[in-house]
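Residue numbers (this note's numbering), protein chains in the order written: chain A, 1 to 326; chain B, 1 to 500.
Even glycine gets a Cβ: it sits at the ideal position worked out from N, Cα and C.
Okay, structure first, notes after.
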């Protein structure tokens with residue numbers, strides 16, 4: 001009997017000790033992910049994938065998710081600012097920067113324009129580079145050919161994209177043309193309501209080039225020729241896609257996806273979270289999720305993240321003014 | 001190809017894959033029956049599970065959910081006037097009236113056989129034509145889609161007989177107006193949102209359908225509870241009728257199925273259209289094929305009117321795999337999720353898929369045959385039991401319909417505002433019903449109107465503002481010619497009848 005007691009007490013203390021060390025490494029036990037869009041979208045995948053990697057790798061006890069669609073993510077953003085929930089992070093991406101530049105006013109008490117400054121930037125985790133592509137049978141072999149044709153006759157180049165005027169897809173192409181010395185506002189942009197439909201438009205021959213995220217083109221690599229991506233150097237998943245930079249057009253753009261806390265989040269929590277995200281990205285559990293979704297790891301934390309956001313805001317504001325969308 | 005078929009059969013007929021088809025079809029049917037929850041959400045949530053399987057098995061499972069949902073969606077369309085998935089809205093136009101006439105069992109059987117035939121025929125087309133069909137996918141440009149939507153709008157004629165013309169047109173305008181709410185699809189300007197951010201994404205199609213069909217139907221029944229004809233209806237509904245399809249109906253179905261499987265499949269192949277558009281177009285076109293006598297029955301329980309959209313929507317589902325597998329282009333949200341999953345498996349869709357991964361390409365097609373048979377076996381024997389739903393006393397059934405409508409719309413967006421909006425639209429729709437305004441033209445205009453505007457404006461952008469895109473390409477010109485001849489034929493007939 002005594003023996004059993006002893007074993008139990010040893011076991012018990014072992015468990016206690018173990019759990020004590022375990023909790024030491026977990027600064028935050030549970031995270032509630034707020035997603036500004038419906039199930040199955042990009043934000044949704046990022047939040048659920050990150051949550052999965054965090055819990056499976058044992059860095060987090062539990063993760064919960066909440067889809068809060070409305071206003072293109074504006075509703076979820078307003079929720080974070082107005083209710084300041086605890087242990088909650090919001091998943092966001094480049095449109096957060098764009099919305100702060102454009103029109104989204106008055107969704108929170110007061111009439112201020114919402115931006116990343118109204119929430120606490122924690123870290124950017126993944127990203128997608130922009131890409132410009134033509135159909136496989138197109139006469140244009142590189143971005144210079146397109147620019148030359150455009151300079152001869154601006155109307156001969158119609159640029160397809162998977163979203164409205166002034167959206168990210170539009171800005172990627174406009175950035176490239178701007179770097180080539182063209183007036184980005186003269187490039188005719190043809191919006192479609194989804195990347196797949198823009199791709200179908202390109203392949204049907206009604207547009208000559210497509211400007212969208214690299215990820216959007218990965219499924220159709222057999223039909224398109226990517227003539228320029230907005231990455232600083234070639235990416236491993238698409239080694240044959242040249243960068244715009246190597247062709248002499250200094251364009252860099254990344255559609256980041258990252259996490260934000262409520263405005264009152266403490267510095268300590270913010271640091272702990274950004275560290276945790278950085279750490280999880282090195283685990284095999286994350287790698288499994290990343291591979292499944294074909295994500296590109298672009299970790300950008302805390303102060304660097306804020307700096308990055310500031311830079312993107314300045315660049316995009318200038319471009320959007322030129323395009324006349326603001 | 002024979003070799004491919006054999007590889008496909010070998011993969012599809014393993015125990016594991018047959019089991020997956022069964023699971024997929026079963027869950028698809030259930031998801032399809034529940035209003036609101038669609039195959040896209042289900043498949044998106046399924047991806048983490050499928051990751052453990054090999055790619056062919058994963059895709060077989062997802063495809064099963066997809067066509068299973070469209071198969072099952074017809075049940076709630078017919079019995080409750082509450083379409084389970086957007087692709088089965090047109091099914092309710094004639095399926096629900098048929099059920100109201102005490103022929104629920106028969107309507108369900110017709111739907112099941114039509115779905116089966118549509119899906120199977122389309123899979124045969126897919127098997128023989130897939131490589132060349134990818135050219136069809138890419139032959140349609142914005143002007144052609146615009147012309148196609150106009151052609152689709154001619155289906156409104158089906159609801160505008162007997163002095164209903166003005167009312168039907170008013171509903172068309174209302175539908176077009178509702179479609180314009182939200183962020184404009186080309187620029188980022190918001191329209192008619194009253195600075196309410198819940199409206200910036202526009203009003204969802206499913207919401208409008210549930211409000212104007214399921215909820216307003218339920219509310220109308222409550223308001224008309226003392227109507228003697230409604231009591232008589234209740235009595236007739238307890239007899240669900242036989243599920244046997246008689247000879248006359250069978251000949252009608254045999255006429256309708258082949259042509260609608262072709263229409264549905266071709267529309268499904270187009271990345272800019274899909275099962276919903278296919279079913280509406282098939283419904284409208286079928287009316288042009290039949291005799292005047294049958295024409296009058298459309299919207300009141302016509303066998304042709306039920307067979308056409310049911311055949312077409314399932315055929316379109318199979319057709320949607322053409323751009324997905326041979327081009328890597330998703331035509332709808334559901335296929336976009338499947339494409340993401342494929343890429344996650346490390347599979348590169350495209351013309352070379354036959355060569356690089358023949359087992360995936362062929363086994364998915366082969367699994368569709370198996371799936372169709374399973375769905376038929378799953379659905380037919382259950383019909384007498386499922387149809388019993390209608391025998392549930394109205395005072396239980398109506399709260400249930402309202403409950404499922406509200407929860408259905410909530411799980412789609414998790415936005416309370418959508419619930420209020422749906423109730424608001426349902427109340428307005430109920431009053432319109434009491435004054436005999438037909439709802440289908442509103443739905444038709446709502447779904448076609450948005451696409452029509454978008455494609456028209458895109459065409460104008462591409463042609464630098466010139467209207468010659470309407471006739472400069474033979475494809476556009478011929479679709480427009482067909483539309484004009486249908487309309488003028490109907491005008492001619494109306495005028496002729498008036499003289500007599």
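* **residue 17 of chain A - DSSP class collapsed to helix/strand/coil** => Residue confidence for residue 17 of chain A is low, a pLDDT of 46 falling below 50, so the modelled location carries little weight; the figure read from the coordinates is stated next. Helix at residue 17 of chain A.
Check whether residue 70 of chain A and residue 197 of chain B have beta carbons under 8 Å apart: By the CB criterion at 8 Å, residue 70 of chain A and residue 197 of chain B fall inside the cutoff.
| request: Give me the Cβ distance between residue 154 of chain B and residue 483 of chain B, rounded to the nearest whole Å; I'm assuming they're in contact under 8 Å. | output: Between residue 483 of chain B and residue 154 of chain B the Cβ distance is about 6 Å, and since that is below 8 Å, they are a contact.
(message) Threshold first: 4 residues or longer. Then list the alpha helix (DSSP H) segments lying entirely within the stretch 383 to 409 of chain B, N to C.
(response) The qualifying runs are 383 to 386.
Q) Within the 8 Å Cβ cut-off, does residue 156 of chain A reach chain E? A) Here the protein chains are A and B, and chain E is not one of them.
Pick out whichever of B/55, B/305, B/406 and B/68 has its Cα sitting closest to the Cα of residue 21 of chain B. That would be B/68, whose Cα lies nearest to the Cα of residue 21 of chain B.
* Coil, strand or helix - residue 431 of chain B by DSSP -> Correct three-state label for residue 431 of chain B: helix.
Exercise for the section: Could you tell me whether the Cβ atoms of residue 404 of chain B and residue 35 of chain B are closer together than 8 Å? Expected result: Yes, the Cβ-Cβ distance between residue 404 of chain B and residue 35 of chain B is below 8 Å.
Notebook entry, point to check: Just checking, does the stretch 92 to 101 of chain B make contact with the stretch 74 to 82 of chain B on the three C-beta pairs under 8 Å criterion?
Noted result: Contact between the stretch 92 to 101 of chain B and the stretch 74 to 82 of chain B is present, because at least three Cβ pairs lie under 8 Å.
Okay, do the stretch 328 to 335 of chain B and the stretch 112 to 131 of chain B touch, 3+ Cβ pairs below 8 Å being the bar? Segments in contact, no.
Query raised in the report: Are there 16 or more other CB atoms within 10 angstroms of the CB of residue 151 of chain A, so buried, or fewer, so exposed?
Result: Counting C-beta atoms within 10 angstroms of its own C-beta, residue 151 of chain A has fewer than 16 neighbours from the protein chains shown and is therefore classed as exposed.
So residue 206 of chain A contacts chain B; which residues on that side make the cut at Cβ distance below 9 Å?
The answer, in chain order, is 141, 142, 143, 458, 459 and 462.
**OP:** Measure the Cβ-Cβ separation of residue 439 of chain B and residue 212 of chain B and say whether it is below 8 Å.
**Re:** A distance below 8 Å separates the beta carbons of residue 439 of chain B and residue 212 of chain B.
* Once you ignore the five residues that flank residue 145 of chain B on each side, which residues in its own chain have a CB closer than 6 Å to its CB? -> 272 and 455, listed in sequence order.
Exercise. Considering only residues of the stretch 19 to 80 of chain B, which uninterrupted alpha helix (DSSP H) runs meet the minimum length of 4 residues and lie entirely inside it, listed in chain order?
Worked result: 39 to 50 and 55 to 80, all fully within the stretch 19 to 80 of chain B.
Run through the DSSP bridge pairs and tell me what residue 228 of chain A is partnered with. Beta-bridge pairing links residue 228 of chain A to A/132.
Just to confirm my understanding: we take residue 244 of chain B, look at its own chain, exclude 5 residues before and 5 after, and list those with CB closer than 6 Å. What are they? Nothing listed; no residue qualifies.
Self-check item: Residue closest to residue 376 of chain B, alpha-carbon to alpha-carbon, out of B/94, B/60, B/336 and B/117
Solution: Check the Cα spacing between residue 376 of chain B and each of B/94, B/60, B/336 and B/117: the tightest is with B/117.
| message | So residue 454 of chain B contacts chain A; which residues on that side make the cut at Cβ distance below 8 Å? | response | Under the 8 Å cutoff, chain A gives 193.
**Cross-chain neighbours of residue 415 of chain B in chain A, by beta carbon under 8 Å** = One finds 68, 69, 70 and 75 in chain A with Cβ atoms closer than 8 Å to the Cβ of residue 415 of chain B, taken in chain order.
**OP:** Using 10 angstroms around the beta-carbon of residue 106 of chain B, count the other beta-carbons present and answer buried if the total reaches 16, otherwise exposed.
**Re:** Buried is the call here.
Report task. Name the residue from B/412, B/222, B/219 and B/371 whose alpha carbon lies nearest to the alpha carbon of residue 59 of chain B. Result -> The option with the nearest alpha carbon to residue 59 of chain B is B/371.
Notebook entry, point to check: Among residues of its own chain, excluding the 5 on either side of residue 136 of chain A, which ones have a beta-carbon nearer than 8 Å to its beta-carbon?
Noted result: Correct list, in chain order: 222, 223, 224 and 225.
#### Entry: Cβ pair residue 176 of chain A, residue 228 of chain A closer than 8 Å
A Cβ-Cβ contact shorter than 8 Å links residue 176 of chain A with residue 228 of chain A.
* To do: Determine the burial state of residue 418 of chain B: buried for a count of at least 16 other Cβ atoms within 10 Å of its Cβ, exposed for fewer.
  => Under a 10 Å Cβ-count criterion, residue 418 of chain B is classified as buried, with 16 or more other Cβ atoms of the shown protein chains found around its own Cβ.
Could you list the residues in the stretch 126 to 158 of chain A with a C-beta less than 8 Å from some C-beta on chain B, going in chain order? Cβ contacts with chain B: 155 and 158.
* Min CB distance residue 137 of chain B to chain A below 8 Å -> Answer yes: the Cβ-Cβ gap between residue 137 of chain B and chain A drops below 8 Å somewhere.
Let me see if you follow: with CB-CB separation under 8 Å, is residue 39 of chain B close to chain A or not? No - not a single Cβ of chain A is within 8 Å of the one on residue 39 of chain B.
May I ask which residues mark the beginning and end of the alpha helix (DSSP H) holding residue 471 of chain B? Taken as a continuous stretch (DSSP letters only), the alpha helix (DSSP H) holding residue 471 of chain B covers 469 to 472.
* Asked: If we cut at 8 Å on Cβ distances, does residue 51 of chain B have a partner in chain A?
  -> Interface flag for residue 51 of chain B against chain A is set, since a Cβ pair is found closer than 8 Å.
With a threshold of 7 Å (Cβ to nearest heavy atom), would residue 491 of chain B be considered close to the ligand COA? For the ligand COA, the structure offers nothing, since it holds no ligand at all.
| request: Rounded to whole angstroms, what's the CA-CA distance from residue 96 of chain A to residue 195 of chain B? Just pull it up for me. | output: Taking the straight line joining both Cα atoms gives about 19 Å.
Q | 8 Å Cβ cut-off: residues of chain B touching residue 52 of chain A | A | Result: 48.
Exercise for review: Answer with yes or no whether the minimum CB distance from residue 276 of chain A to chain B is below 8 Å.
Suggested key: No - not a single Cβ of chain B is within 8 Å of the one on residue 276 of chain A.
Residue ranges of each alpha helix (DSSP H) run of no fewer than 4 residues wholly in the stretch 93 to 179 of chain B, ordered along the chain? If you keep only unbroken alpha helix (DSSP H) runs of at least 4 residues inside the stretch 93 to 179 of chain B, you get 104 to 139, 142 to 153 and 165 to 179.
*Indicate whether residue 130 of chain A and residue 336 of chain B have their beta-carbon atoms separated by less than 8 Å.*
Result no, Cβ atoms of residue 130 of chain A and residue 336 of chain B do not sit closer than 8 Å.
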